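**Student:** Residue numbers (the numbering used here): 9 to 267.
Quick reminder that beta carbons are idealized off the backbone N, C-alpha and C, glycines included.
This one's a predicted model, so the numbers in the text were calculated from it and none came from an experiment.
Pasting a structure here, questions to come.
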């Protein structure tokens, strides 16, 4: 006589397990793209929060060699991800996601974190200078590097003794020092090459404005976000390294886009 309750209980348990699995499966993959003078570790605290919420997360390495080639690389990464994607870009990573996501039906939302949101025909360097407030140029060091086909290119880094004030003023000094030592150089080509696509015209977009950003002036960020009709939040005292200094605010916006 106890068989029926056991069977019913088993069916309920199986249904609950199935529902939980389907709920987990339904969550989009969050793909995070860092910008210039950073690497994928800049997303560490954001990743921890998203994974705790059950989101699959991929923080990819942005080559920082040229907009078209960087976007092609990101597109190849997206091709390995099954199901819906929320694509997040910081800084120059915003240019890359705008180019790479164009025409990709799996990308359901774009999230710009203190980022460039270029239209076709615009470069990151051009947009950074559209409004006053950037002090990046005076903090940079230049170096030559060999190009695969021969010749040399020019890449940029932020001088380590200027890094915290310029890039990460609201980040603890010890953390900023590590970020300065591990920063990835960006090719001048990446900042000068004009976008040919603007995925934000077809994909819903979100933007976080960093209020104390000395790389991309907040007014430029706001102007680009408004043009893209992005759902926008502002973090008043945040530096350009907002994913490091304010991971909760960044994660909240990504969650909003994912929902």
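1. Determine the extent of the alpha helix (DSSP H) in which residue 173 is found, giving its start and end residues.
2. Which one or two residues does DSSP pair with residue 217 in a beta bridge?
3. Sorted by chain position, which residues of the same chain lie with C-beta nearer than 6 Å to residue 196's C-beta, five sequence neighbours on each side aside?
4. Identify every run of the alpha helix (DSSP H) within the stretch 177-238, keeping only runs that are complete inside it and at least 4 residues long; order them along the chain.
5. My understanding is that residue 102 touches residue 136, with C-beta atoms under 8 Å, so please give their C-beta distance in whole angstroms.
6. Expressed to the nearest angstrom, what Euclidean distance is found between the alpha-carbon atoms of residue 133 and residue 79?
7. Compute the distance between the beta-carbons of residue 82 and residue 55, then report whether it is under 9 Å.
8. Consult DSSP for residue 32 and reduce its assignment to one of helix, strand or coil.
9. Identify the continuous beta strand (DSSP E) that holds residue 38 and give its terminal residues.
10. For residue 212, which option in 40, 115, 90, 42 has the closest C-alpha, if you only look at C-alpha atoms?
**Tutor:** Concretely, from the data shown:
1. Translated into positions along the chain shown, residue 173 becomes position 165. Following the DSSP letters along the chain, one finds residue 173 inside the alpha helix (DSSP H) bounded by residues 168-175.
2. As a working mapping, residue 217 is identified with position 209 in the chain shown. Answer is 242.
3. Taking the chain shown and counting its residues from 1, one reaches residue 196 at position 188. Excluding residues within five positions, the ones whose Cβ falls inside 6 Å are 162.
4. 181-190, 196-200, 226-235
5. As a working note, residue 102 is residue 94 in the chain shown. As a working note, residue 136 is residue 128 in the chain shown. Actually they are not in contact, since the Cβ atoms of residue 102 and residue 136 sit about 12 Å apart, beyond 8 Å.
6. As a working mapping, residue 133 is identified with position 125 in the chain shown. As a working mapping, residue 79 is identified with position 71 in the chain shown. Separation of residue 133 and residue 79 (C-alpha to C-alpha, rounded to the nearest whole angstrom) is 17 Å.
7. As a position in the chain shown, residue 82 is number 74, starting the count at 1. As a position in the chain shown, residue 55 is number 47, starting the count at 1. Not in contact: residue 82 and residue 55 (Cβ atoms no closer than 9 Å).
8. By 1-based counting over the chain shown, the position of residue 32 is 24. Here residue 32 scores only 49 on pLDDT, less than 50, and its place in the model should not be relied on; the value that follows carries that caveat. Residue state, collapsed to three classes: helix.
9. By 1-based counting over the chain shown, the position of residue 38 is 30. Residues 37-41.
10. The count along the chain shown starts at 1 and reaches residue 212 at position 204. Ranking the options by Cα distance to residue 212, first place goes to 115.
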